Amino acid sequence: MAPVTLASDKGRVIGTPDTAGQALSVRGMTVSYGAAPVVFSVDMDVPQGAMMAIVGPNGAGKSTLLKAVLGIVKPLSGQVRVFDRALKEALPRVAYVPQRASVDWDFPTRVIDVVMMGMTRELGLLRRVRPHHRARAMDCLARVGMTDFAARQIGQLSGGQQQRVFLARALAQQADLYLLDEPFAGVDAATEAAIIAVLKELRAEGKTVVAVHHDLSTVPDYFTHAFLINRSRIAQGPVAEAFTPETLDRAYGGRLATAPVAQMADTGA
Amino acid sequence: MSADFVALSLPPLVIGVLAAIACALPGNFLVLRRQALIGDAISHVVLPGIVVGFLLAGTVSTWPMLLGAAAASLVAVAMIEGIRRLGKVEPGAAMGVTFTTLFAAGVLLLEQSDTSSVHLDVEHALYGNLESLIWIDAVGWQSLVDPVALAGLPPELGRIAMATLGIVIFMAVLWRPLAVSTFDEGFARSVGLPTGVIGVALVVVSALAAVAAFDAVGSIIVIAMFICPPAAARLVTHRLGAQVGWSLVFAVIAAVAGYVLAGHGPLWLGFANSVSAAGMIATVSGVILALAAVFGPARHRAGQAT
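The following block contains the structure:
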């Protein structure tokens, strides 16, 4: 097993990391909502074309890390490079899928309108929606198997259908890096299969995918890389290296029974 | 007959309709953001602002009072944010504390200062004086194209028309960012929208609507029009654009029906006097909301406890 290398020590960067070829590089990210940091001095590298799971216990700072990367929450410190550029420059190449529960699904809007929100940037303030925009939104819905629901009010969808709509909106952004916050939380098996199929398609197209993920048993099947976090980084790298009984034990602080963990990690190794 | 109508009824009707539109438009987004009380708060804190403006200027001229009202509404917004963060209470509580305190301060100021000689009192603040906004120079419909007569229009009409126009333009230009950031703030920020600025801009525009409408029709209409037409519209449609459209329809119906009912309703019922137009407009908007709650086609919604 390759030793886990730390690029920073107590927030101090050791050497200048090479960020070329990385879809996403984070250095010294610290986020705090109150007194105690939720994310502490995290370094992260996501190679282009990777499919990376962010794994860790509840309250480990997984979602917060994603939000801080995107500038949705303001970090105390930390640098973010996306495709070797400043975040602001690279933002058009990034798509974000928030947690499904973070929005009000009673909002008066239809499925197709939510997907069109993925084109917010290209439509700007006053540009008219053209038939080709609509056609693209319908294509995105087709990719997640939701064509028949285009005119539905979003409150009438099941949890899995809502998650697919969110994914379709991200597809409409035509990004190169996809950041998803718990895309499989509370969805049915068919939706999970549909979503992972789309994510694997994206990877086949050369896109990079990062997802906060809860179900440890599917990590080796779904992802190529893993990032283990419990406020600070525990491990990162290809699944076989970073997702091991030893790293999981450190991430979860012995809260997982050791035997199943070893089993899970073994299936990936 | 037509001369009477143009001189006595047309200006208050138009002012009432414009005030209703100015408040209902931003009200749609305030209601969807669960910030509907902001409108209530702003319309109350306008009172101390106007009194302070009057005390500083020493006259009942309009601009000091409007500036005072606008300043007070910004102070209120800052207070709400401050109380919410420092006191760690929910936004509704912070708004409640802010507007009752400032409104009470306004009433005290009004009692203590020598404003008895001028037309400035609590009743005026609540109900405005829609019926008194008449067009003395009008002799009939032809006055609408007579520059001399037009110059005699009530100044409130020009102010509310300008404010309404500004609000319509604001909503049209910022429609997409408002919709996206109201539905999904995290996503909005991830595509680079300045959600904080958008939120503040919405509150400032609401304050503009509240101050302009207060000037013409008093705060009771402001409170009603921020909430009732959008809430009723939400019950008849599942689409944002349609909701805003319906809210304008309801706002106009409330303004026209309220004005007519206030003037003629009591007479039809055999009473001698008419009632406050502002009060009746607010009441009609409440009735529309009640009807929408009972008959609205979109009143059954997923995700709601029944």
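Read top to bottom, the protein sequences are chains A and B.
Under the working numbering, the first residue of the first sequence carries the number 11, and numbering increases by one thereafter.
Under the working numbering, the first residue of the second sequence carries the number 4, and numbering increases by one thereafter.
For each residue, glycine too, the CB sits at the ideal point set by N, CA and C.
Since the structure is predicted, the reported quantities are computational estimates derived from the model, not experimental observations.
Rounded straight-line distance, which links the Cα of residue j to that of residue i
i        : j        : result
A:Ala207 : A:Arg174 : 12 angstroms
A:Met61  : A:Arg260 : 22 angstroms
B:Gly268 : A:Ala111 : 49 angstroms
B:His241 : B:Val247 : 11 angstroms
B:Gly202 : A:Ala45  : 27 angstroms
B:Ala235 : A:Phe253 : 53 angstroms
B:Leu70  : B:Ile172 : 22 angstroms
B:Asp187 : A:Pro108 : 9 angstroms
B:Leu77  : B:Leu89  : 18 angstroms
B:Pro67  : B:Val34  : 31 angstroms
B:Ala219 : B:Ile163 : 7 angstroms
A:Ala12  : A:Val56  : Note that A:Ala12 scores 43 on pLDDT, short of 50, meaning its location in the model is unreliable; the coordinates nonetheless yield the value given after this. Computed Cα separation, rounded: 17 angstroms.
B:Ala93  : B:Arg87  : Per the sequence shown, residue 93 of chain B should be read as Glu rather than Ala. Approximately 6 angstroms between the Cα atoms of the pair.
A:Val113 : A:Thr201 : 19 angstroms
A:Phe117 : A:Gly165 : 7 angstroms
B:Ala293 : B:Ser209 : 24 angstroms
B:Leu153 : B:Asp7   : 16 angstroms
A:Thr15  : A:Phe50  : Note that A:Thr15 scores 45 on pLDDT, short of 50, meaning its location in the model is unreliable; the coordinates nonetheless yield the value given after this. Rounded to whole angstroms, A:Thr15 to A:Phe50 spans 17 angstroms at the Cα level.
B:Ile41  : B:Ser5   : 40 angstroms
A:Ala105 : B:Val207 : 31 angstroms
A:Ile244 : A:Ala250 : 15 angstroms
B:Thr103 : B:Gly244 : 34 angstroms
A:Gly66  : A:Phe194 : 15 angstroms
A:Val220 : B:Ala39  : 38 angstroms
A:Ser168 : A:Thr157 : 15 angstroms
B:Leu113 : B:Val54  : 6 angstroms
A:Arg22  : B:Leu238 : In this prediction, A:Arg22 has a pLDDT of 48, which is less than 50 and means its spatial position is unreliable; what the coordinates show is noted afterwards. Answer to the nearest angstrom: the Cα atoms are 56 angstroms apart.
B:Pro150 : B:Leu156 : 10 angstroms
B:Val160 : A:Ala100 : It is worth fixing the name first, because residue 160 of chain B is Leu in this sequence and not Val. Spanning the two alpha carbons is a distance of roughly 49 angstroms.
B:Gly199 : A:Leu97  : 19 angstroms
B:Leu278 : B:Leu168 : According to the sequence shown, residue 278 of chain B is Val rather than Leu. Near 30 angstroms, if we compare the C-alpha coordinates of B:Leu168 and B:Val278.
A:Asn240 : B:Phe190 : 25 angstroms
A:Arg280 : A:Arg120 : Because chain A is modelled from 11 through 279, residue 280 of chain A falls outside the range shown and cannot be assessed.
B:Gly95  : B:Val80  : 12 angstroms
A:Glu211 : B:Val290 : 54 angstroms
A:His143 : A:Gly170 : 25 angstroms
B:Ser12  : A:Leu136 : 38 angstroms
Residue(s) in a DSSP beta bridge with residue i
i        : result
A:Arg95  : A:Val92
A:Asp191 : A:Val222
A:Met62  : A:Val220, A:His235
B:Tyr262 : None; B:Tyr262 has no bridge partner.
B:Ser51  : Here residue 51 of chain B turns out to be Pro, not Ser, going by the sequence shown. In DSSP, B:Pro51 forms no bridge with anything.
A:Gln246 : A:Phe237
A:Pro57  : A:Gln32
A:Ala39  : Residue 39 of chain A is actually Met in this sequence, not Ala. The partner list for A:Met39 (beta bridge, DSSP) reads A:Val52.
A:Tyr262 : Paired residue(s): none; A:Tyr262 is not in a bridge.
A:Pro108 : DSSP output for A:Pro108 lists no bridge partner at all.
A:Arg120 : A:Gln163
A:Ser87  : A:Thr40
A:Pro47  : A:Ser42
Supposed contact pair residue j and residue i - C-beta distance, whole angstroms, cut 8 angstroms
i        : j        : result
B:Val9   : B:Trp144 : 6 angstroms
A:Val315 : A:Ser242 : Here chain A has residues from 11 to 279 only, and residue 315 of chain A is not among them.
A:His223 : A:Ile64  : 7 angstroms
A:Ala147 : A:Ala182 : 6 angstroms
A:Gly38  : A:Gly88  : 5 angstroms
B:Ala25  : B:Ala141 : At roughly 24 angstroms, the Cβ-Cβ gap does not stay under 8 angstroms, so B:Ala25 and B:Ala141 are not in contact.
A:Ala78  : A:Leu187 : Going by Cβ atoms, the distance from A:Ala78 to A:Leu187 rounds to 15 angstroms, so no, they are not a contact pair.
A:Thr234 : A:Pro248 : 7 angstroms
B:Leu59  : B:Gly109 : Contact flag wrong, Cβ pair sits at about 14 angstroms.
B:Leu133 : B:Ala280 : 4 angstroms
Cutoff 8 angstroms: residue i Cβ touching any chain C Cβ
i       : result
A:Gly81 : Judged by its chain identifiers, the structure shown contains no chain C, and its protein chains are A and B.
Report yes or no: do three or more beta-carbon pairs, one from the stretch 277 to 291 of chain B and one from the stretch 221 to 239 of chain B, lie closer than 8 angstroms?
-> Taking 8 angstroms as the limit for Cβ pairs, the verdict is that the stretch 221 to 239 of chain B does touch the stretch 277 to 291 of chain B.
Runs of alpha helix (DSSP H) wholly within the stretch 142 to 202 of chain B (minimum 4 residues, chain order) | 150 to 153, 158 to 176, 178 to 186, 188 to 193, all fully within the stretch 142 to 202 of chain B.
Inter-stretch contact at 8 angstroms, needing at least 3 Cβ pairs: the stretch 247 to 259 of chain B / the stretch 6 to 26 of chain B = Counting Cβ pairs under 8 angstroms, three or more are found: they touch.
Residue ranges of each beta strand (DSSP E) within the stretch 138 to 195 of chain A, 3 or longer = Unbroken beta strand (DSSP E) stretches of 3 residues or longer found wholly inside the stretch 138 to 195 of chain A: 187 to 191, given in chain order.
Cβ contact check for the stretch 147 to 166 of chain A and the stretch 178 to 186 of chain A: 3 or more pairs under 8 angstroms | yes
Three CB pairs or more closer than 8 angstroms across the stretch 25 to 33 of chain B and the stretch 167 to 181 of chain B | Between the stretch 25 to 33 of chain B and the stretch 167 to 181 of chain B there are three or more inter-stretch CB-CB distances shorter than 8 angstroms, so the stretches are counted as touching.
Should the stretch 119 to 132 of chain A be regarded as contacting the stretch 190 to 207 of chain B, the criterion being three or more beta carbon pairs within less than 8 angstroms?
-> yes
Runs of alpha helix (DSSP H) lying entirely within the stretch 240 to 301 of chain B, each at least 4 residues, in chain order = 243 to 271, 280 to 298
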